[in-house]
Each structure stands twice: as structure tokens, then as C-alpha cells.
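Just below is one structure, and these are the notes that go with it.
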Amino acid sequence: MTNRVYVVGVGLTKFEKPGRRADWDYPAMALESGTKALADAGIAYDKVEQAYAGYCYGDSCSGHRAVYGLGMTGIPVFNVNSNCSTGSSAMFLAAQAIRSGMADCTLAIGFEKMQPGSLGSTFDDREPPMQRHLLAMAELREIAFPPAPWMFGAAGLEHNEKYGSTPEHFVKIAAKNHRHSVHNPYAQFQDDYTEDQIKADKMVYAAAGLTRPMCSPTSDGSGAAILASERFVEDNDLAGQAIEIVGQSLVTDLPGTLDSASLITLVGADMSRTAAQRVYEQAQLGPEDIDVIELHDCFAPNELLTYEALGLAGEGEAHKLVDAGDTTYGGRWVVNPSGGLISKGHPLGATGLAQTAELTWQLRGLADKRQVAGAKVALAHNIGLGGSVVVTAYRPAER
Numbered sequence: 127m128t129n130r131v132y133v134v135g136v137g138l139t140k141f142e143k144p145g146r147r148a149d150w151d152y153p154a155m156a157l158e159s160g161t162k163a164l165a166d167a168g169i170a171y172d173k174v175e176q177a178y179a180g181y182c183y184g185d186s187c188s189g190h191r192a193v194y195g196l197g198m199t200g201i202p203v204f205n206v207n208s209n210c211s212t213g214s215s216a217m218f219l220a221a222q223a224i225r226s227g228m229a230d231c232t233l234a235i236g237f238e239k240m241q242p243g244s245l246g247s248t249f250d251d252r253e254p255p256m257q258r259h260l261l262a263m264a265e266l267r268e269i270a271f272p273p274a275p276w277m278f279g280a281a282g283l284e285h286n287e288k289y290g291s292t293p294e295h296f297v298k299i300a301a302k303n304h305r306h307s308v309h310n311p312y313a314q315f316q317d318d319y320t321e322d323q324i325k326a327d328k329m330v331y332a333a334a335g336l337t338r339p340m341c342s343p344t345s346d347g348s349g350a351a352i353l354a355s356e357r358f359v360e361d362n363d364l365a366g367q368a369i370e371i372v373g374q375s376l377v378t379d380l381p382g383t384l385d386s387a388s389l390i391t392l393v394g395a396d397m398s399r400t401a402a403q404r405v406y407e408q409a410q411l412g413p414e415d416i417d418v419i420e421l422h423d424c425f426a427p428n429e430l431l432t433y434e435a436l437g438l439a440g441e442g443e444a445h446k447l448v449d450a451g452d453t454t455y456g457g458r459w460v461v462n463p464s465g466g467l468i469s470k471g472h473p474l475g476a477t478g479l480a481q482t483a484e485l486t487w488q489l490r491g492l493a494d495k496r497q498v499a500g501a502k503v504a505l506a507h508n509i510g511l512g513g514s515v516v517v518t519a520y521r522p523a524e525r
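Note that my numbering has the sequence shown beginning at 127, numbered continuously upward.
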């Protein structure tokens, strides 16, 4: 029998353009988000038994340095790095410690201090982790630079060619997410763009019509979550604010991924689909039961592809949700009420935890003008190529 796991506290910094706050180093970011999460949970740091710290750009033991601002209590601190899914991977491990009975209270924290511009490789004297994925995709579609927008843009083009979606659908998704971000004080961008403004902006990958507002920016920032067992929740009278993790799955690349003739598969759709199916089974829920979703829109085409991977639409039908307005307020689901990665920003280590924070606020009814009316069940999706995906389902402990 596994223990139940609850989110009892969340904290988030505003996501910023890299270097905008010159004196803002990662220990200060983590101190801010971690302090907020502890205050939200109403506990002191000495209650935390293990910490999982996620980041991609940093030296060994940066996670230790990050949490030492909260306290030096001798607890195990684990450093987590899993590309863009780093924050949710730290969450998965923190939850697993509780689920297994190894701890009653854990901290998941993620942070990033990034360089401006497109993502690049840190080391040039060894094979890049995504080299095999890139080479497999280059066999199917002419490569373009920067690689990340090309990879997801090319997968979006495959959907266009096979199923009749168009780059206009990517534009509409980006416009939706920017519109949502207007009411998110934590977002790097809070600007409402028209579809014409999005199309007229700087081109990033012309073949898919991918412009700058359709791409997530590099960002500085941090997010944190306090996780607890049922016993801890009861002992500390936290049931009224606790959000239960009712399903969670971490999936890495599957057999045959690198041999696939599908660009959509190569950018992780099968990982996402497998993780989502496992979560629905664990939670005994289906897509129709979900009210609010935070998913990994690193580029607008990936949001379209993820609709199908999460079971919101059948194969080849994701663009119909866009045309029907089914993924915004008044539709069947509200997807990325925070503004998503496109608007909120994408500090790699913090992204998954920012999703946790947003969905916790939504399920508590504390999301202010972003609030999804009557939200009772939430789903998070966070992907990193190379690769792994984490899907998590949440609902309030008291309903």
C-alpha cells in the first residue's frame, strides 16, 4: 500500500528576463520561493525531511546552496537535472519519498539563472544529450537553427500535412496564452497580442510560421512546493488547504522512439500519451473530468500536439479544439490559465513547479482574475527532450 501525497504549500517568484535584475542570483530566487512555500504551509523549515532541488544551468551542489538559505538542518538534499522537465522531476521524487513512506514532509524546489537568447549546449567536448534525437529528425525534415524551435515547429508541420491543421492554429494558441497572462503577476510577459501582431513579429522558424511570441523565452526565476503525507496533514491541521496528488507518472523515451518515422513522436508525444494514460488509470479519471490544465507550450505547436497526447482530442483533431474555443475560458477546459511557458516564461528548473503553484491556487479558488470557475480537478504536463515527461493530476483533499 502506498501513502497518499498532498501539496500543502507553494511559492513562486516573478519570472524575469535574464539579467533584468542584476543582483538576483539563484540563492536569492530559491530563498524567495522556498520562504513563500513554507509560509503557505504554515510550517518551519525544520519540519522538512528531504529536499529535491532542480536546475539545469549550475554547478554540482547548487541545490544545496539554494536550500541552505532556508536552513542548514542536515537533511538529504538531492540535485535534479532533466532538461525542461526538471522542476516536475524534482516534484516526482519528492512525492515518491512520501509515497514510499520514507518521509512525511519534503521540499521540491526549482530555479534557474539563464543566459539571454536561444538555448545552447554547455559543453562542446562531448556528445550532446539530444544528438540522437536531432539526427533522427534531420533524416525526416531539413534541419534549421536554432534547433529547439525547429524540432517542435517541424513536428507541428507534420501535423499540418497529415491532418489539415495550419500555422494559423499555432497563432491562435499563442494569442490565447498571451491573453491569459495579462492577469498573472508572476508572468514575464503580461501583454495581450492580436493574431496579426503575432504573425508580424520576428520570424524564428519560417517553415512553420513560428514567430517570437509563439516561443517561450529564457527566464530567471524559482518555484517551490511543500509535499506532505496524510499523517502530516492531519497532525498539522492542513486538510483545508491540502491538494492531493491523485495520479503521477514520469516516462522517458520509449522503445522505438529514435527509430520512429514521425517527428511528432520524436518530440515526445508518445511519452506524454503514455504518462497521461497511466495517470488517468491511477486517478480513475478521464480527460472529461479535468477542469484546468497547465501544459508544456514551449512552442505553440507543442500545445496543439499535447492536446492529443493528453486525450483531449482524437488523433489529428487537436486543431478542432482551437477552432471551437474549447481550451480557454468558457470552453471545455482552460489550458494554461497562467499564460503558459510562452508568456509566463521558462526558467527550466522552475517551470514544473510553477505549474504546481498555479494549479494549487486554481483548486483552492485563489487564482484571482485567472480563476477557472468551479475547478475541482487539475492536470499538469511538463516535458524535457532527451528525454522525459511528467504528468500529474491534482484535486483538493476536502471536496
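Idealized CB from N, CA, C, for every residue including glycine. These numbers come from a predicted model, not from an experiment.
How would you call A387, buried or exposed, if buried means at least 16 neighbouring beta carbons within 10 angstroms?
By the 10 Å Cβ count, A387 comes out exposed.
If we call anything under 8 Å between Cβ atoms a contact, is E434 one with R130?
No, these two residues do not count as a Cβ contact at 8 Å.
On the premise that A313 lies in contact with G442, defined as a C-beta separation below 8 Å, what is that separation, rounded to the nearest angstrom?
Contact flag wrong, Cβ pair sits at about 32 Å.
According to the neighbour-count rule (16 or more other Cβ atoms, all chains shown, within 10 Å of its Cβ), is E370 buried or exposed?
Buried is the call here.
Quick one: residues in its chain with C-beta nearer than 6 Å to the C-beta of S348, no 5 flanking neighbours on either side, listed in chain order?
Taken in chain order, the residues that qualify are T139, M155, A156, S159, F237, A476.
If we count the other Cβ atoms within 10 Å of its Cβ and call it buried at 16 or more, is K288 buried or exposed?
With fewer than 16 other Cβ atoms within 10 Å, it is exposed.
From which residue to which residue does the beta strand (DSSP E) around I369 run?
Run containing I369: 369 to 378, per the beta strand (DSSP E) assignment.
Using a Cβ-Cβ cutoff of less than 7 Å, which residues in the same chain neighbour A402 once the five nearest sequence positions on both sides are dropped?
Excluding sequence neighbours, A402 sits near A435, L436, G437, V517.
When you compare only the Cα positions, how much space is there between A519 and A274?
Their Cα atoms are separated by approximately 27 Å.
Does the distance from the C-beta atom of E420 to that of L485 stay below 8 Å?
Going by C-beta atoms, E420 is nearer than 8 Å to L485.
One question on the structure: do S514 and S211 come within less than 8 Å of each other, judged by their Cβ atoms?
Closer than 8 Å, so yes.
For P522, which beta-bridge partners are listed by DSSP?
DSSP, once it has assigned bridges, lists I369 as partnering P522.
Along the alpha helix (DSSP H) that carries I390, what are the first and last residues, could you check?
389 to 392 is the span of the alpha helix (DSSP H), which, as asked, contains I390.
Tell me the DSSP secondary structure of V418 in three-state form.
Strand at V418.
Quick check on DSSP: helix, strand or coil for G478?
G478 falls in the helix class under three-state DSSP.
Could you pull out every residue in the same chain whose Cβ sits closer than 8 Å to the Cβ of L384, ignoring the five residues on either side in sequence?
R258, H259, A262, L392, listed in sequence order.
Start and end of the alpha helix (DSSP H) containing G282?
Element bounds for G282: 273 to 289.
Where do the N-terminal and C-terminal ends of the beta strand (DSSP E) with I352 fall, by residue?
Residues 347 to 355.
Is T199 helix, strand or coil when you go by DSSP?
Looking at T199 - three-state DSSP - the assignment turns out to be coil, as it is neither helix nor strand.
Can you tell me which of the three DSSP states S342 falls into?
Of the three classes helix, strand and coil, the one that applies to S342 here is coil, per DSSP.
Whole angstroms is fine: what's the gap from R146's alpha carbon to P381's?
Cα-Cα distance, rounded: 43 Å.
Measuring CB to CB, does H309 end up less than 8 Å from R496?
Closer than 8 Å, so yes.
Skipping 5 residues on each side, what residues in its chain have a beta carbon closer than 6 Å to that of G180?
Closer than 6 Å at the Cβ level, and outside the excluded window around G180, lie V206, T212, G213, A216, G236, G475.
Where does G180 fall in DSSP's three states?
Of the three classes helix, strand and coil, the one that applies to G180 here is strand, per DSSP.
Counting only beta-carbon atoms, is I416 nearer than 8 Å to chain B?
Here chain B cannot be found, since the structure has a single protein chain.
Run through DSSP, which three-state label would M256 get?
Three-state DSSP puts M256 in coil, outside helix and strand.
Buried or exposed: R252, going by 16 or more other Cβ atoms within 10 Å of its Cβ?
Exposed, since its Cβ has fewer than 16 Cβ neighbours within 10 Å.
Buried or exposed: which applies to I269, given that a residue is buried once 16 or more other Cβ atoms fall within 10 Å of its Cβ?
It is exposed - the Cβ of I269 has fewer than 16 other Cβ atoms within 10 Å.
Helix, strand or coil, according to DSSP, for M329 in the structure here?
Note: M329 maps to strand in three-state DSSP.
Quick check on D379: buried or exposed, where buried means 16 or more other Cβ atoms within 10 Å of its Cβ?
It is buried - the Cβ of D379 has at least 16 other Cβ atoms within 10 Å.
So, at 6 Å on beta carbons, what are the nonlocal neighbours of M444 in its own chain, with the 5 sequence-adjacent residues on each side left out?
Residue identity differs from the one stated: residue 444 is Ala in this sequence, not Met. Here the set comprises L430, Y433, E434.
May I have the straight-line CA-CA distance separating G512 from D452, to the nearest angstrom?
Taking the straight line from one Cα to the other gives about 31 Å.
In whole angstroms, what is the alpha-carbon distance linking R521 and P463?
Cα-Cα distance, rounded: 17 Å.
Which one or two residues does DSSP pair with V517 in a beta bridge?
Answer by DSSP bridge pairing, in chain order: S375, H507.
Relative to the C-alpha of W459, which residue among L467, Q488, G478 is closest?
Among L467, Q488, G478, the Cα nearest to that of W459 is on Q488.
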